[in-house]
Structures are given as structure tokens and as C-alpha cells.
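The numbering of the sequence shown is numbering that gives the first Met the number 0, which starts it at 0 and goes up by one.
Note that CB positions come from ideal geometry on N, CA and C, so glycine has one too.
The structure under discussion appears below in the form of C-alpha cells.
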Amino acid sequence: MTSGSSAPADSVMALPVTQICAGTPWPDIVWIHVHDNEETARQTAVQTLSQIQQGCLLDLRHDGSREISIQNNQANYHFDPNRIFTPRGRQSSLKCRDGNCDVAAKQLSQATKHFLNQYLMHAKLIVAVHNNHPNGLSVHNYKAGGSMAQAMNKIAISPNSDGHDFFYVTTQQAFEFLASRNFNVVLQNNQQVQDDGSLSVWASQQQIDYINVEAGMGHSATQLAMLAAVWSYMQQYYQV
């Protein structure tokens with residue numbers, strides 16, 4: 000495994016990206032971990048890449064917290080890194096404490112656009128890894144009548160699995176493949192999902208295949224099994 004950091008030289012602020020690579024990266028599949036407090040997701044992604052020896056993880060490192068905090072000569076602000084990928088999301092996510100908040104918004108916009116252009120715009124498939132907590136998000140939130148039901152087009156629930164372990168995908172192809180393997184799977188409603196700036200929304204707007212591998216914190220064995228299924232999906236549809 001190799002790693003390295005990257006930032007635009009001409010920007011006051013850049014997203015804190017570390018690339019962790021194994022073997023030869025492929026040009027059209029990107030793995031990404033955005034929330035620095037979701038350690039199980041990071042470790043299982045790194046372990047999977049080490050096993051398959053092909054690919055790079057874009058790992059955002061920001062002091063072990065969910066949000067990224069920025070303080071420079073112009074402004075002091077923070078934001079959720081999974082809510083910045085669209086203009087509407089950035090506007091809602093950016094919380095400016097003090098300083099020039101207009102400059103802060105411009106810095107975040109420039110940094111995000113640079114990140115997308117450098118790492119994601121070319122992708123055909125994005126694999127995101129996330130964790131949730133015992134009282135947090137689960138597949139059941141996406142059922143009819145649930146708090147996230149508007150975001151759902153289709154849902155598959157495995158009766159023998161933990162509701163906190165599920166895939167969230169943007170294509171019918173990924174939904175059918177993973178649901179057929181007895182996983183919990185949510186297919187995003189790309190027409191009605193709220194534009195909250197999340198990567199799944201941006202990916203659907205760009206017509207990029209997106210798979211979020213969401214598992215409970217500490218559910219390492221389950222998340223590894225889910226990532227193994229994603230690797231099988233890649234082999235079938237992307238000839239890696």
C-alpha cells in the first residue's frame with residue numbers, strides 16, 4: 000500500500016485528501032471515505048484494496064471528526080464533507096463562525112470543484128464507505144413512511160441482517176446485483192431525492208454509477224463481506 004497527500008498549489012483552502020493505493024489504480028473506478036470519525040469504513044476499505052491489489056482510496060483526513068473545520072486569514076468555518084458536492088448543498092452545509100463568509104463560500108466552492116475535476120469527474124463508478132451508530136441511520140429509515148422515504152425508489156431488506164448494514168445505490172444495475180445476494184439495498188430516487196449536496200446526488204446528476212457501502216460502526220466482518228460483493232460487481236460490469 001502506498002499513500003500520499005494532494006492539494007492545489009494556488010488555493011487558500013483544499014480538501015484534505017490522502018490517497019491510499021494498492022497495485023495499479025484503474026482509471027474509471029474511485030473509492031472514497033469522507034468522514035474521518037468513521038474508522039471501521041476506512042480500515043475495511045484499506046484492507047479490501049490490500050487484498051485485491053488494485054485501486055486507490057481517497058481518504059479525507061480532518062482531525063478525526065465528522066465535519067471539516069477551516070481557519071485562515073479570511074474566515075473561520077466548518078462543513079460536512081458529504082454535503083458540499085452541489086451548489087445547493089454547499090450553501091446549506093457551510094457554517095461560518097466569523098470573518099468574511101462570502102470569501103469562505105468562494106473558497107469552499109473552488110476547493111470542491113478542484114476536487115471533483117481532479118478525482119471524480121472522470122469516474123464511471125464511485126464506491127463510498129460509511130459507518131453509522133446504533134441509534135443512527137438504518138435501511139428502515141428508507142421504507143415507506145420512514146424519515147428518508149422520499150429518497151427511495153426501491154428497497155430490498157434481508158430479514159436476517161442488521162438494518163444498519165446496507166447499500167445505497169443510484170443505478171438499477173447495482174440494486175439488482177446486490178439485492179440478489181441477500182443484502183439490504185436502497186435504490187435512490189434520482190428524480191425526487193432532496194439535493195443535500197451529498198455525493199450520491201452529484202453522482203446521479205452526472206450519471207455516474209454510485210455505491211455507498213454503509214455499515215454499523217465496528218461491523219468490520221459485515222462491511223468486508225459487503226466490499227467483497229462490490230468487488231464481484233466490478234469484475235462483472237467493469238472488467239477490472
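Pair within 7 Å by beta-carbon distance, CYS55 and TYR76: no
Distance between beta carbons of THR39 and ALA214, contact taken as under 8 Å: 7 Å
Environment of ARG41 [buried if 16+ CB atoms lie within 10 Å]: buried
Residues sharing a beta bridge with TRP30, DSSP: LEU56 and VAL126
Status (buried if at least 16 other CB within 10 Å, exposed otherwise) for PRO80: buried
Own chain, CB closer than 7 Å to SER229, minus 5 neighbours either side, in chain order: The question names Ser, but residue 229 in the sequence shown is Val. Cβ within range, chain order: VAL126, ILE210 and VAL212.
Where GLY63 falls: helix, strand or coil (DSSP): coil
Coil, strand or helix - VAL318 by DSSP: Outside the displayed span of the chain (0 to 239) sits residue 318, for which this structure offers no information.
Alpha-carbon spacing of ASP62 relative to LYS142, whole angstroms: 34 Å
Local Cβ density within 10 Å of SER199, reported as buried at 16 or more and exposed below that: buried
Secondary structure of VAL16, DSSP reduced to three states: strand
Member of SER91, ASP161, SER179 and GLN149 whose CA lies at the smallest distance from the CA of GLN251: The requested residue 251 does not occur in the structure, where the chain is confined to residues 0 to 239.
Reduced DSSP secondary structure (H/G/I, E/B, other) of HIS139: helix
Cα-Cα separation between LYS105 and GLN204, rounded to whole angstroms: 22 Å
Local Cβ density within 10 Å of ASP97, reported as buried at 16 or more and exposed below that: exposed
Buried or exposed (CB count within 10 angstroms, at least 16 for buried), TYR237: exposed
C-alpha gap between GLY88 and TRP201, whole angstroms: 10 Å
Pair within 7 Å by beta-carbon distance, MET225 and ASN130: no
Whole runs of the alpha helix (DSSP H) within the segment 137-177, excluding any shorter than 4 residues: none
Which of helix, strand or coil DSSP assigns to PHE78: strand
Euclidean distance between Cα positions of SER68 and SER219: 28 Å
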